[in-house]
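Asker: Residue numbers (the UniProt record's numbering): 1 to 403.
We treat Cβ as the ideally placed atom computed from N, Cα and C, and that holds for glycine.
A quick note: this is a predicted structure, and the numbers were derived from the prediction, not measured.
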Amino acid sequence: MADPRRSPESLLCLWPLIAFKPLDSLRTGEIALNGSQRKWAAANLGGRVTVSRYQPPADTASFNLVFLALDLTTSLTIRKATELKADEFGRYLKNRYSGQVISPGQIVSTRFENIKYACRVTLSIGADHMNPQGFLSRDTNIAFEAAAGRIKIVNQDPRPPPIIKDTIDLKRMGIGGLSHHIGIRNVRGMLLFGPPGNGKTMIARKVANLLNAKVQTVSGPSLLDPYFGTTERNVRELFEPIIKDQVKLGEKSPLHVIIFDEFDAIAMMDGLTPLDNLLVFATTNRRDLIDEAFLRPGRLEIEIEIGLPDLAARQEILEIHTAKLLENHYLDGDVSIENLAHRTDGYSGAMLEGVVKSAVSAALQRNIAPNHLVWTGDYNAFKVLESDFVAAVTEVAREHGND
Ligand SMILES: Nc1ncnc2c1ncn2[C@@H]1O[C@H](COP(=O)(O)OP(=O)(O)OP(=O)(O)O)[C@@H](O)[C@H]1O
Numbered sequence: 001m002a003d004p005r006r007s008p009e010s011l012l013c014l015w016p017l018i019a020f021k022p023l024d025s026l027r028t029g030e031i032a033l034n035g036s037q038r039k040w041a042a043a044n045l046g047g048r049v050t051v052s053r054y055q056p057p058a059d060t061a062s063f064n065l066v067f068l069a070l071d072l073t074t075s076l077t078i079r080k081a082t083e084l085k086a087d088e089f090g091r092y093l094k095n096r097y098s099g100q101v102i103s104p105g106q107i108v109s110t111r112f113e114n115i116k117y118a119c120r121v122t123l124s125i126g127a128d129h130m131n132p133q134g135f136l137s138r139d140t141n142i143a144f145e146a147a148a149g150r151i152k153i154v155n156q157d158p159r160p161p162p163i164i165k166d167t168i169d170l171k172r173m174g175i176g177g178l179s180h181h182i183g184i185r186n187v188r189g190m191l192l193f194g195p196p197g198n199g200k201t202m203i204a205r206k207v208a209n210l211l212n213a214k215v216q217t218v219s220g221p222s223l224l225d226p227y228f229g230t231t232e233r234n235v236r237e238l239f240e241p242i243i244k245d246q247v248k249l250g251e252k253s254p255l256h257v258i259i260f261d262e263f264d265a266i267a268m269m270d271g272l273t274p275l276d277n278l279l280v281f282a283t284t285n286r287r288d289l290i291d292e293a294f295l296r297p298g299r300l301e302i303e304i305e306i307g308l309p310d311l312a313a314r315q316e317i318l319e320i321h322t323a324k325l326l327e328n329h330y331l332d333g334d335v336s337i338e339n340l341a342h343r344t345d346g347y348s349g350a351m352l353e354g355v356v357k358s359a360v361s362a363a364l365q366r367n368i369a370p371n372h373l374v375w376t377g378d379y380n381a382f383k384v385l386e387s388d389f390v391a392a393v394t395e396v397a398r399e400h401g402n403d
């Protein structure tokens with residue numbers, strides 16, 4: 001089939017796995033895929049694909065997902081805010097899709113109470129497998145997020161995934177299998193590394209939010225202080241409330257997350273206290289500067305590389321950052337996100353966001369009278385043009401010194 005999907009959020013290389021059933025209207029050798037499936041599989045209508053049968057692990061129980069986070073969007077025709085009962089929708093999804101393999105980054109299109117939802121898998125945690133792909137099961141804890149403002153999610157289970165509540169269990173975070181190999185039970189820390197602007201911090205924040213954790217984001221260099229002793233004090237102060245919670249509340253302590261940005265700046269520092277109620281994310285562009293001592297069990301035992309987005313990931317990132325423009329009909333009909341994704345080879349996620357911002361700013365400039373800071377345009381006619389995007393692509397490259 002097409003290339004394995006790899007997006008910053010899917011974290012691992014995964015083949016698109018799709019469930020099929022026989023259909024009378026199809027001839028031998030034909031398969032039918034809906035729009036989301038074609039996108040996921042990078043396949044075209046009428047195109048040729050190679051399929052092979054997927055064999056799940058024999059121990060199916062260990063292949064069940066314990067947690068699944070879905071980002072929801074609805075079709076753009078819905079004008080009013082829609083209330084979605086998370087408990088009922090969760091039950092419906094389990095009834096319909098139990099036993100199907102779900103993968104990170106996958107989009108499942110489904111209709112519920114007459115509304116078509118696109119459910120994008122942002123986080124999936126398997127029971128006992130290295131791979132975050134797994135079966136949706138009756139016991140999978142599903143959390144919903146709504147990217148578009150028109151879906152109001154109610155009856156959402158406010159509890160964090162049970163997995164994390166009683167200490168952080170590596171296995172249950174979808175990074176299973178490792179416990180046997182390196183003899184650890186709990187994940188205390190993860191190192192996210194890769195070139196700047198590809199979402200390392202964003203992923204850490206998102207995971208922390210999904211876990212209902214108390215989050216502190218600290219930049220490594222800000223902890224360093226030229227005066228002797230103060231760095232240690234800064235670190236102590238960071239850990240103090242977490243230690244207090246652990247001592248006072250034990251297993252009932254809320255989960256704390258510390259995100260250390262630019263961790264390489266403090267990679268020589270000691271004092272990363274492993275605590276049962278703490279998950280540490282460390283991000284760095286310089287993996288080579290991280291002392292191996294930090295990568296021992298109990299510290300940053302999981303390493304994940306977040307690289308530059310490929311074509312499909314660039315398209316997805318551009319779609320995310322232009323979603324509001326599209327929703328408000330501010331994108332000119334000629335704008336092709338696909339074309340932009342092709343033009344932006346080598347751009348980071350942050351650069352792609354910059355392209356969208358720069359294109360909007362150029363379109364706004366057109367509507368402001370020269371020498372007057374006065375809006376002269378018509379909001380209803382306001383459009384960001386393909387030419388704005390094309391100019392923005394060059395401008396962002398110039399800003400980053402790689403034109
Ligand atoms: N995969 C992505 N999807 C959507 N937006 C993205 C993605 N990657 C980056 N961005 C955008 O770029 C911004 C910057 O990303 P972020 O700061 O998380 O990157 P980083 O890898 O931590 O970079 P740095 O190493 O410079 O700190 C994000 O807030 C987001 O708006």
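Is the stretch 289 to 301 in contact with the stretch 206 to 220, if contact means three or more CB pairs nearer than 8 angstroms?
Answerer: Because the criterion of three Cβ pairs below 8 angstroms is not met, the stretch 289 to 301 and the stretch 206 to 220 do not touch.
Asker: Would you report the Cα separation of R205 and V215, rounded to the nearest angstrom?
Answerer: About 8 angstroms.
Asker: First and last residue of the alpha helix (DSSP H) that includes E145?
Answerer: Not the alpha helix (DSSP H): E145 falls in the beta strand (DSSP E), residues N141 to A146.
Asker: Over the uninterrupted beta strand (DSSP E) stretch that includes V49, give me the two end residues.
Answerer: Looking at the DSSP string, V49 is not in any beta strand (DSSP E), and its letter there is neither H nor E.
Asker: With C-beta atoms as the reference, is F20 less than 8 angstroms away from L65?
Answerer: Not closer than 8 angstroms, so no.
Asker: Taking all protein chains shown into account, decide if E316 is buried (16 or more other Cβ within 10 angstroms of its Cβ) or exposed.
Answerer: Burial call: buried.
Asker: Use the C-beta contact count for D71: other C-beta atoms within 10 angstroms, 16 or more gives buried, fewer gives exposed.
Answerer: Its Cβ being crowded by 16 or more others within 10 Å, D71 is buried.
Asker: Among Y117, T60, E353 and Y347, which has the Cα closest to the Cα of K324?
Answerer: For the residues Y117, T60, E353 and Y347, the minimum Cα distance to K324 belongs to E353.
Asker: Compute the distance between the beta-carbons of G220 and D264, then report whether it is under 8 angstroms.
Answerer: Taking 8 angstroms as the Cβ cut-off, G220 and D264 qualify as a contacting pair.
Asker: Mapping DSSP to helix, strand and coil, what is T344?
Answerer: In this structure, T344 counts as coil in the three-state DSSP scheme.
Asker: Check M130 in the structure and name its three-state DSSP category.
Answerer: Annotation note: pLDDT 44 at M130 (below 50); position unreliable, no value reported.
Asker: Output needed for P195: all residues of its chain with C-beta closer than 8 angstroms, excluding positions within five of it in sequence on either side, in chain order.
Answerer: So the list reads N285, G307, L308 and S348, once near-sequence residues are dropped.
Asker: Smallest Cα separation from V360: which of Y227, D332 and R343?
Answerer: That would be D332, whose Cα lies nearest to the Cα of V360.
Asker: Kindly give me the distance between the Cβ atoms of residue 441 and K116, rounded to whole angstroms, as I take these residues to be in contact under 8 angstroms.
Answerer: Shown here, the chain extends from 1 to 403; a query on residue 441 therefore has no answer.
Asker: Tell me the DSSP secondary structure of H400 in three-state form.
Answerer: Here H400 sits in coil by DSSP.
Asker: Going by alpha carbons, who is nearest to E254 out of F239, R233 and L278?
Answerer: In the sequence as presented, Glu is not what sits at residue 254; that position holds Pro. Cα-wise, what sits closest to P254 is L278.
Asker: Could you pull out every residue in the same chain whose Cβ sits closer than 6 angstroms to the Cβ of R287, ignoring the five residues on either side in sequence?
Answerer: Here the set comprises F193.
Asker: What's the C-alpha gap between F63 and E395?
Answerer: If I take the Cα positions, the gap works out to 47 angstroms.
Asker: From which residue to which residue does the alpha helix (DSSP H) around V247 run?
Answerer: Here the alpha helix (DSSP H) through V247 covers T230 to L249.
Asker: Rounded to the nearest angstrom, what separates S336 and P57 at their Cα positions?
Answerer: Computed Cα separation, rounded: 41 angstroms.
Asker: Mapping the DSSP letters down to three states, classify K116 as helix, strand or coil.
Answerer: In the structure shown, K116 sits in a strand (DSSP, three-state: E or B).
Asker: CA-CA distance, A391 and A363?
Answerer: Approximately 11 angstroms between the Cα atoms of the pair.
Asker: May I have the straight-line CA-CA distance separating F382 from E338, to the nearest angstrom?
Answerer: Each residue's alpha carbon lies about 22 angstroms from the other.
Asker: If I follow the unbroken alpha helix (DSSP H) through G354, where does it start and stop?
Answerer: Where G354 is concerned, the enclosing alpha helix (DSSP H) stretches over G349 to R366.
Asker: So does T322 have its beta carbon nearer than 7 angstroms to some heavy atom of ligand 1?
Answerer: No; taking the cut-off as 7 angstroms, the Cβ of T322 has no heavy atom of ligand 1 nearer than that.
Asker: Please find out if some non-hydrogen atom of ligand 1 comes closer than 7 angstroms to the beta-carbon of M202.
Answerer: For ligand 1, at least one heavy atom lies less than 7 angstroms from the Cβ of M202.
Asker: Indicate the three-state DSSP secondary structure (helix, strand or coil) for A208 in the structure shown.
Answerer: In the structure shown, A208 sits in a helix (DSSP, three-state: H, G or I).
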